[in-house]
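Trainee: These protein sequence lines map, in sequence, to chains D and A.
Residue 228 in numbering that gives the first Met the number 0 sits at position 229 of the first sequence; the count goes up by one each step and never skips.
Residue 376 in numbering that gives the first Met the number 0 sits at position 377 of the second sequence; the count goes up by one each step and never skips.
Ideal placement from N, C-alpha and C gives every residue a C-beta, glycine not left out.
It should be emphasised that the depicted structure is a prediction, and the values quoted were computed from it without experimental measurement.
Number of protein chains: 2
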Amino acid sequence: MNILVLGGDGYCGWATALYLSAKGHTVFTVDNFVRRQWDHELGVQTLTPIRTLAERLKAWGDLTGKNIELLVGDVTDYDFLASAIETSQPDAVIHFAEQRSAPYSMIDRKHAVSTQVNNVVGTLNLLFAIRELRPDCHLIKLGTMGEYGTPNIDIEEGYIEIEHNGRKDVLPFPKQPPSFYHLSKVHDSHNILFACKIWNLRATDLNQGVVYGTLTDEVELDEALINRFDYDEVFGTVLNRFCAQAAVGHPLTVYGKGGQTRGFLDIRDTVRCIEIACLNPAARGECQFTEQFSVLELARLVQAAARKMGMSVEIDFLPPPRVEAESHYYNAKHSKLIDLGLEPYHLSDSLLDSLMNVAIKYSDRIDSSLFLPQVEWRNPRNQRRQGSRSLAAVSSGESIV
Amino acid sequence: MNILVLGGDGYCGWATALYLSAKGHTVFTVDNFVRRQWDHELGVQTLTPIRTLAERLKAWGDLTGKNIELLVGDVTDYDFLASAIETSQPDAVIHFAEQRSAPYSMIDRKHAVSTQVNNVVGTLNLLFAIRELRPDCHLIKLGTMGEYGTPNIDIEEGYIEIEHNGRKDVLPFPKQPPSFYHLSKVHDSHNILFACKIWNLRATDLNQGVVYGTLTDEVELDEALINRFDYDEVFGTVLNRFCAQAAVGHPLTVYGKGGQTRGFLDIRDTVRCIEIACLNPAARGECQFTEQFSVLELARLVQAAARKMGMSVEIDFLPPPRVEAESHYYNAKHSKLIDLGLEPYHLSDSLLDSLMNVAIKYSDRIDSSLFLPQVEWRNPRNQRRQGSRSLAAVSSGESIV
Chain D
0 MNILVLGGDG YCGWATALYL SAKGHTVFTV DNFVRRQWDH ELGVQTLTPI RTLAERLKAW
60 GDLTGKNIEL LVGDVTDYDF LASAIETSQP DAVIHFAEQR SAPYSMIDRK HAVSTQVNNV
120 VGTLNLLFAI RELRPDCHLI KLGTMGEYGT PNIDIEEGYI EIEHNGRKDV LPFPKQPPSF
180 YHLSKVHDSH NILFACKIWN LRATDLNQGV VYGTLTDEVE LDEALINRFD YDEVFGTVLN
240 RFCAQAAVGH PLTVYGKGGQ TRGFLDIRDT VRCIEIACLN PAARGECQFT EQFSVLELAR
300 LVQAAARKMG MSVEIDFLPP PRVEAESHYY NAKHSKLIDL GLEPYHLSDS LLDSLMNVAI
360 KYSDRIDSSL FLPQVEWRNP RNQRRQGSRS LAAVSSGESI V
Chain A
0 MNILVLGGDG YCGWATALYL SAKGHTVFTV DNFVRRQWDH ELGVQTLTPI RTLAERLKAW
60 GDLTGKNIEL LVGDVTDYDF LASAIETSQP DAVIHFAEQR SAPYSMIDRK HAVSTQVNNV
120 VGTLNLLFAI RELRPDCHLI KLGTMGEYGT PNIDIEEGYI EIEHNGRKDV LPFPKQPPSF
180 YHLSKVHDSH NILFACKIWN LRATDLNQGV VYGTLTDEVE LDEALINRFD YDEVFGTVLN
240 RFCAQAAVGH PLTVYGKGGQ TRGFLDIRDT VRCIEIACLN PAARGECQFT EQFSVLELAR
300 LVQAAARKMG MSVEIDFLPP PRVEAESHYY NAKHSKLIDL GLEPYHLSDS LLDSLMNVAI
360 KYSDRIDSSL FLPQVEWRNP RNQRRQGSRS LAAVSSGESI V
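Laid out in structure tokens, this is it:
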């Protein structure tokens with residue numbers, strides 16, 4: 000298949016582009032490198048020293064003989080996006096080209112607005128471009144389990160049958176997103192559902208759990224192909240932060256009681272899920288994750304893995320910066336991809352070792368000041384640059400890069 | 000109360016600003032006049048010859064001794080919006096400052112994007128401005144019953160209790176909006192709900208039915224105060240179009256079978272609902288309409304009213320330009336405002352006479368070519384300016400204004 004990966008320089012996009020290329024698909028990728036700009040803005044950097052996308056793609060070509068064509072531009076620029084569709088003639092488009100951090104969207108009004116405009120306009124442009132130029136192309140849009148919030152009933156995959164006053168209908172599962180970022184994904188999902196209905200487009204809206212892990216078979220081929228490992232408070236996810244904290248002997252920082260429970264997915268399963276979706280274009284509104292854990296359970300898993308490696312790690316409980324339930328019911332259904340043949344990886348000690356090993360390998364690049372939350376849901380205000388923290392991080396970044 | 004009406008030059012905003020001023024509130028109003036610009040773009044005009052907002056406000060002051068202050072600017076410009084909040088120190092903000100036409104949002108990609116960006120960014124700005132500058136102020140946001148689509152179960156007022164696998168929760172009622180405009184309102188509703196939750200803001204999200212009628216007690220005081228009457232295919236609502244068609248002996252144009260059923264609300268009830276909301280700031284997520292009719296029922300009511308006035312009117316059935324069910328279940332709850340004391344007007348023959356009389360009074364301004372749908376949900380493409388229709392309308396508009 001011809002597959003166009005939007006956002007191929009990002010964490011999921013990079014792993015996905017390589018996996019699909021290795022599987023023999025003709026892969027094109029689009030990026031505008033704004034994700035790297037956000038690192039500069041925040042004074043943070045990936046723990047792993049990733050190369051430029053051009054270098055990484057050249058290394059992939061040299062190692063495997065497979066070419067991934069790079070198209071540089073912004074999906075909110077319709078003329079560019081249309082030219083990318085014309086150039087790649089895709090059978091499937093994988094859409095990762097969105098601002099994906101909840102804390103980033105909560106920094107202040109400008110970040111909330113830019114997140115929603117970027118994500119909503121990019122997806123609208125893509126829907127119109129597919130309709131106009133490539134109507135049989137299958138859109139695979141990455142959403143998040145976070146769209147559903149934490150309802151007190153089981154989360155169904157996309158839709159729920161409601162019986163009410165003696166009548167029945169199957170309706171979209173109600174959404175209760177917990178940040179302006181998550182809201183942007185809900186907006187996208189509603190726009191996609193409508194476009195599919197009126198234009199008969201084919202789209203799969205994948206609501207993934209929190210993705211973890213750095214290594215995939217492709218990325219492991221060479222150091223030049225290494226993927227991002229974000230551990231800062233804005234773009235880092237909780238498991239990455241815990242592993243980085245363990246690697247430098249910092250206490251694991253749990254917010255509130257740590258009962259916040261989410262679905263998790265190994266990045267090796269992310270890339271496989273996406274190929275399954277490409278090969279099964281009828282599916283719609285799926286939930287993708289393989290296991291669910293509370294934050295405290297994750298902290299205890301990291302603590303246990305560190306102990307096996309001879310390290311002693313404490314757990315600190317901090318006031319929660321987000322407005323969220325510290326303990327709640329959580330049970331989300333996720334059988335469709337298993338039915339389509341996915342055999343999931345599990346968050347086992349060995350994975351923790353591997354995540355931990357990456358953290359330890361690059362521990363001289365860890366800036367502990369990046370662990371602590373600066374974005375405050377209740378009081379969104381951009382005062383990041385006023386502290387000495389960011390300056391220190393920027394200068395340490397400069398000395399290493 | 001100090002009340003700030005955003006979008007005071009529009010159809011609902013104008014009637015609301017006058018009503019609240021007459022009731023003794025201190026009213027400020029904001030507008031950027033983009034609604035008038037859209038008439039120029041489309042080559043259409045209101046049936047009634049409305050004056051400029053400055054002239055209308057002066058006439059209101061001269062007639063009643065009551066001053067409504069006008070602040071000219073755009074709510075997507077945060078600095079302007081913040082200054083308007085500072086100036087007016089509102090106890091309540093009524094937010095009508097959105098692009099409100101479903102067909103307009105379906106013209107093409109640019110109109111879809113501009114509708115969603117305008118509406119979402121304006122509402123985000125307002126939420127941040129209230130939080131920052133006037134946190135006790137009550138936001139009254141106008142939504143639409145159209146957000147719910149036409150589910151096969153009864154539509155509850157904002158929320159529904161769902162029992163599922165032996166557990167229960169009260170969740171937002173699922174939305175199935177039928178245009179990019181309706182989607183923008185759904186995006187707004189989700190953003191508002193979240194902002195209220197994390198910042199303890201006070202907001203009432205009023206999902207109104209289709210508003211009809213031109214005259215209110217205030218508007219009737221003087222010809223200089225007359226309100227808009229849109230009958231064109233983009234901004235006109237179905238009842239207005241039927242009355243204008245009846246007034247010039249044109250067949251009433253019903254799309255498909257005419258079974259499309261919606262809730263309807265007299266503009267005199269709209270303005271009273273808004274004052275009730277102002278005085279009862281706890282309410283949230285209400286549905287406002289007083290009666291529901293199918294399009295064919297409306298056509299028959301107009302036909303019967305015309306017959307009483309000695310006019311014979313036909314009904315034409317045209318292919319539906321929208322992607323929607325031509326007949327469906329529709330039952331929406333709407334008791335909360337009745338509980339708060341609203342005694343609704345009903346869509347009676349007398350009202351049709353009054354709407355019809357306005358249409359007949361200004362029938363020399365009616366351009367019959369504006370009745371027919373040019374926006375096509377299945378094929379959004381801006382070719383309006385290529386036909387002779389728009390040119391004729393523009394020149395007829397110029398000769399009259």
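Is D:TYR77 close to chain A, meaning its C-beta is less than 8 Å from at least one C-beta of that chain?
Mentor: yes
Trainee: Taking only runs of the alpha helix (DSSP H) that begin and end inside the region 106–134 of chain A, which ones reach a length of at least 4 residues, in chain order?
Mentor: 108–132
Trainee: Within 8 Å of any Cβ in chain D, is that where the Cβ of A:ASP168 sits?
Mentor: yes
Trainee: With a cut-off of 8 Å, do at least 3 Cβ pairs link the region 214–229 of chain D to the region 152–164 of chain D?
Mentor: no
Trainee: Based on DSSP bridge pairs, tell me the residues matched to A:ARG55.
Mentor: None; A:ARG55 has no bridge partner.
Trainee: For the pair the region 363–381 of chain A and the region 319–331 of chain A, tell me if three or more CB-CB distances fall below 8 Å.
Mentor: yes
Trainee: Report the rounded CA-to-CA distance for A:ARG388 versus D:ILE106, giving the unit in angstroms.
Mentor: Note that A:ARG388 has pLDDT 47, beneath the 50 cutoff, so the model's placement of it is unreliable and the number below is only indicative. Taking the straight line joining both Cα atoms gives about 49 Å.
Trainee: How about A:LEU138: is its C-beta nearer than 8 Å to some C-beta of chain D?
Mentor: no
Trainee: Let me know the secondary structure DSSP gives A:ASP315 once reduced to three states.
Mentor: Here DSSP, grouped into helix, strand and coil, assigns A:ASP315 to strand.
Trainee: I'd like to confirm the pairing. Which residues does DSSP put opposite D:ALA331 in its beta bridges?
Mentor: D:ILE154
Trainee: Pull up the distance between the alpha-carbon of A:ILE2 and that of D:ASP363, whole angstroms please.
Mentor: 58 Å
Trainee: Counting only beta-carbon atoms, is D:VAL120 nearer than 8 Å to chain A?
Mentor: It does; some Cβ of chain A falls within 8 Å.
Trainee: Is there contact here, the region 206–218 of chain A with the region 288–307 of chain A, by at least three beta-carbon pairs under 8 Å?
Mentor: yes
Trainee: For D:THR143, write down the residues that DSSP places opposite it in a beta bridge.
Mentor: D:GLN207
Trainee: Let me know the secondary structure DSSP gives A:THR47 once reduced to three states.
Mentor: coil
Trainee: Mind reading off the beta-carbon distance from D:PRO176 to D:LYS167? Whole number of angstroms is fine, and I expect it under 8 Å.
Mentor: Actually they are not in contact, since the Cβ atoms of D:PRO176 and D:LYS167 sit about 26 Å apart, beyond 8 Å.
Trainee: Tell me which residue opens and which closes the beta strand (DSSP E) that A:PRO343 is part of.
Mentor: Neither: A:PRO343 is in no beta strand (DSSP E) and is coded neither H nor E.
Trainee: Taking 8 Å as the threshold, find out whether the region 35–49 of chain D comes into contact with the region 230–242 of chain D through three or more Cβ pairs.
Mentor: yes
Trainee: What residue does the alpha helix (DSSP H) around A:HIS39 start on, and which one ends it?
Mentor: 33–41
Trainee: D:ARG267 to D:VAL169, Cα distance in whole Å?
Mentor: 33 Å
Trainee: Using a threshold of 8 Å, state whether the C-beta atoms of D:TYR18 and D:GLU274 are closer than that.
Mentor: yes
Trainee: Could you pull the start and end residues of the alpha helix (DSSP H) that A:GLU85 belongs to?
Mentor: 77–87
Trainee: When the cut-off is 8 Å and only beta carbons count, does A:GLU397 lie next to chain D?
Mentor: Here A:GLU397 scores only 32 on pLDDT, less than 50, and its place in the model should not be relied on; the value that follows carries that caveat. Contact with chain D is absent for A:GLU397, since none of that chain's Cβ atoms lies less than 8 Å from the residue's Cβ.
Trainee: Given a threshold of 16 other Cβ atoms within 10 Å of its Cβ, counted over all protein chains shown, does D:SER398 qualify as buried or as exposed?
Mentor: In this prediction, D:SER398 scores a pLDDT of 30, lower than 50, which makes its location untrustworthy; no coordinate-derived value is stated.
Trainee: When you compare the region 144–159 of chain A with the region 65–75 of chain A, are there three or more beta-carbon pairs, one atom per stretch, that lie closer than 8 Å?
Mentor: no
Trainee: Put D:GLY165 into one of helix, strand or coil per three-state DSSP.
Mentor: coil
Trainee: Taking contact to mean 3 or more Cβ pairs, one atom from each stretch, closer than 8 Å, check whether the region 326–334 of chain A and the region 141–149 of chain A are in contact.
Mentor: yes
Trainee: Hey, would you say A:ALA21 sits closer than 8 Å to A:CYS277, going by beta carbons?
Mentor: no
Trainee: At the 8 Å Cβ level, is D:TRP198 part of the contact set with chain A, yes or no?
Mentor: yes
Trainee: Can you tell me the Cα-Cα spacing of D:LEU141 and D:ILE93, whole angstroms?
Mentor: 8 Å
Trainee: For the region 145–156 of chain A, which residues have a CB atom closer than 7 Å to at least one CB atom of chain D, in sequence order?
Mentor: PRO150, ASN151, ILE152 and ASP153
Trainee: May I ask you to check if the CB of A:GLY23 is nearer than 7 Å to at least one heavy atom of the ligand MG?
Mentor: Of the ligands one can find in the structure shown there are none, so the ligand MG has no counterpart to examine.
Trainee: Taking the alpha-carbon positions, what's the D:CYS136 to D:LYS65 distance?
Mentor: 23 Å
Trainee: Identify whether A:PRO410 lies in helix, strand or coil by the three-state DSSP scheme.
Mentor: The question about residue 410 of chain A has no answer here: the residues shown for chain A are numbered 0 through 400.
Trainee: Compute the distance between the beta-carbons of A:LEU138 and A:ARG201, then report whether it is under 8 Å.
Mentor: When the beta-carbon positions are compared, A:LEU138 and A:ARG201 come within less than 8 Å of each other.
Trainee: Of all Cβ atoms in chain D, is any one closer than 8 Å to the Cβ of A:ILE191?
Mentor: no
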